[in-house]
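Worksheet for the structure shown next.
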Amino acid sequence: MDNYKIRDAFIKHFGQAELIVFAPGRANIIGEHTDYNEGFVLPFAIDQGVWFFASVNGQDEFNIIAADTGENSTLFPHQNASLIYGWEKYFNQVLMAMAASPLKGSDIVFGGNLPIGAGISSSSAITCGFVHLLNKMNHLEMSPHKMVKIAVEAERGSGVRGGIMDQYSIFNGLKNKAVLLDCRSNSHEFVDLDLDDCHFYLINTCVKHNLINTDYNNRRAQCDEAVSLLNKYYRPIRALRDLNTDDIPKIGNLLSDTLFKRASFVIQENQRVKDAVHAIKLKNFAQLGELLYASHDGLSQLFEVSCPELDWLVDYTLDDDIFLGSRMMGGGFGGCTINFTSGELNDEKINDLSDKYYDRFGINPEIIPISPEDGILQKKTSYSH
C-alpha cells in the first residue's frame with residue numbers, strides 16, 4: 002500500500018495530518034542470531050516500510066487504524082498489554098515502555114508494503130516508527146540511543162527475546178551503506194555497498210511465522226546455557242562472541258551435541274560477518290556469495306531454524322550462475338531468503354522460479370528487489386497544516 006492511500010484514509014477518518022513518519026524495514030546481509038550473543042551483524046534499511054499519518058486529538062487515547070486491513074483500535078496509556086493481540090500489541094508495548102513520558106493522545110493511520118511475517122522486521126518497523134512519532138509529536142528530544150532502547154524494550158515486552166539489530170538499523174540506516182553493528186558496544190561503522198552490477202533480492206516463502214510461537218526464544222536460551230557451561234568448564238566468557246573458531250574443537254566435549262551445534266554456528270557466523278565486510282571492501286563478490294551459502298548451511302544444519310521452503314529456495318539458486326549467494330534471513334521457521342546476484346533477475350528467471358516453487362509447495366513466492374536506504378533518523382519528517 003502506498004502512502005497516498007494511507008494519507009487518504011487518514012483524511013477520511015480524521016482530517017489533515019500534522020505529522021508523517023516513515024519507518025523502513027531491514028534486510029540483513031549476514032550475521033543471524035549473533036546479535037543477542039553480543040556479536041556482529043551487517044544489516045541495512047530498505048525502501049519498503051511502514052507509513053504513519055498522525056495528529057494530536059486532545060484526548061487521553063490513541064485511535065489507530067491499520068489502513069491495509071481497515072482494523073481499528075483505541076489504546077490508552079498504562080493499558081494491560083496481556084489483553085491485546087495482533088499489531089495492536091506493538092503500539093501498546095511502546096506506550097507501556099514510554100509510560101514515564103507525558104504523551105498526548107493521537108489519531109493515527111498506518112500501513113505500508115512490508116510483508117508480515119517475512120523476516121524483514123515489519124513488527125520492528127511499527128515499533129520504531131511509533132516511538133519516533135511519539136518523540137516528535139510530544140517534543141521529547143530523545144537521543145537515537147534512547148529510542149532504540151525503548152523500541153527493543155517494547156518488542157521484548159511482546160514476547161520475543163531478540164537483540165538490537167532490527168531497531169538499530171531501522172533508526173540508523175544510510176543509503177548505499179550497510180551497518181556493521183557491534184552488538185556488545187551498540188556502536189557501528191558504515192560499510193560502502195559499491196556493488197557494480199550486483200543486486201540483492203528477497204524471496205518471500207510466504208510461509209507465515211510468529212517468532213513468539215516458535216523455538217526462537219529457545220535458541221537464545223540454549224546459547225545462554227552454553228555460555229554458562231563454558232564459563233564453568235572452559236574459561237570465563239560473557240557471551241559466545243568471546244570465542245573464535247579456534248575454540249570450537251576444544252569445547253566439543255564440554256557441551257551436549259545440541260548445545261555444541263548452537264555454539265559452533267554462532268562462533269562461525271560471527272567470523273563470517275567479519276569476512277563478509279572484508280570481501281565487500283575488496284569487491285570480492287564471489288567470496289561474499291560463498292559466505293551467504295555457508296551461513297544458510299549453518300542455520301539449517303547447526304542452528305536448525307530453517308524449513309523446507311527456505312532450503313528449497315536456496316538449493317534452487319545453486320543451479321544458476323546469476324546467483325552468487327543465498328541464505329535464509331531473519332529468525333527462521335519461514336520468511337525470506339536474501340539473495341545476492343551478479344545482475345538483475347529477468348522475467349524469465351522470476352517466472353521459472355515462481356512456477357517451480359508453486360509446483361513444489363502450492364504457494365506463490367514473492368520476489369522483492371531491495372537496496373540500502375536511509376533509516377528513520379535520516380528521513381525528512383513532513384508536516385502538513
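Numbers 2 to 386, taken from the working numbering, label the letters of the sequence shown in order.
Positions of the beta carbon are idealized from the N, C-alpha and C atoms, including for glycine.
Quick caveat, the model's predicted, so the values are computed rather than measured.
By the C-beta criterion, the region 221-240 is judged not to be in contact with the region 350-361, since fewer than 3 inter-stretch pairs fall below 8 Å. Closest by C-alpha distance to V95, out of N285, S343, I252, V153, is V153.
Judged by beta-carbon spacing, I323 lies beyond the 8 Å limit of S307, meaning their Cβ atoms are not closer than that value. If you draw a straight line from the Cα of Q269 to the Cα of D258, it is about 16 Å long. Around the beta carbon of K90, 16 or more other beta carbons sit within 10 angstroms, so the residue counts as buried. Taken in chain order, the complete alpha helix (DSSP H) segments of 4 or more residues contained in the region 204-250 are 217-234. Nearest to T206 by C-alpha distance, out of R8, P370, L311, is L311. Taking 4 residues as the shortest admissible run, the region 98-155 contains the following complete alpha helix (DSSP H) segments, listed from N- to C-terminal end: 123-138. Residue N38 holds the alpha-carbon nearest to the alpha-carbon of Q223 among R328, N38, A28. By the 16-neighbour rule on beta-carbons within 10 angstroms, P250 is exposed. T338: member of the beta strand (DSSP E) spanning 337-342, first to last residue. For T318, no beta strand (DSSP E) run applies; the uninterrupted alpha helix (DSSP H) run containing it begins and ends at 309-318, by DSSP. Under the DSSP definition of a beta bridge, F54 partners with I21, V110. Three or more beta-carbon pairs separated by less than 8 Å are not found between the region 39-51 and the region 65-75, which leaves the two stretches without contact.
About 15 Å separates the Cβ atoms of F201 and I351, ruling out a contact at the 8 Å cut-off. In the structure shown, N64 falls within a strand segment according to DSSP collapsed to helix, strand and coil.
Contact between the region 317-332 and the region 21-33 is present: 3 or more CB-CB pairs across the two stretches fall below 8 Å. Only residues of its own chain outside the window of five on either side were considered, and among them C129, P145, M148, V149, G376, I377, L378 have a CB closer than 7 Å to the CB of F172, listed in chain order. If you draw a straight line from the Cα of Y294 to the Cα of D320, it is about 13 Å long. About 4 Å separates the beta carbons of F266 and G299, which is inside the 8 Å limit, making them a contact pair. For a cut-off of 8 Å, the C-beta gap from L182 to F41 is around 7 Å, short enough to register as a contact. According to the DSSP assignment, T259 belongs to the alpha helix (DSSP H) that extends over 258-283. Distances from the alpha-carbon of F341 to those of N365, D353, E349, L314 put L314 closest. Per DSSP, I369 is not a residue of any alpha helix (DSSP H); the beta strand (DSSP E) it occupies stretches across 367-371. For G335 and L255, the gap between their C-alpha atoms comes out near 32 Å. Proximity to K6 across G71, L43, G59 peaks at G71, based on C-alpha coordinates.
Distance from the CA of F111 to the CA of D248, rounded to the nearest whole angstrom, comes to 48 Å. Going by beta carbons, V180 and P44 fall inside the 8 Å limit. If you check the CB distance, N58 and L104 do not come in under 8 Å. Of A126, R220, F304, I109, the smallest CA-CA separation from H14 is found for I109.
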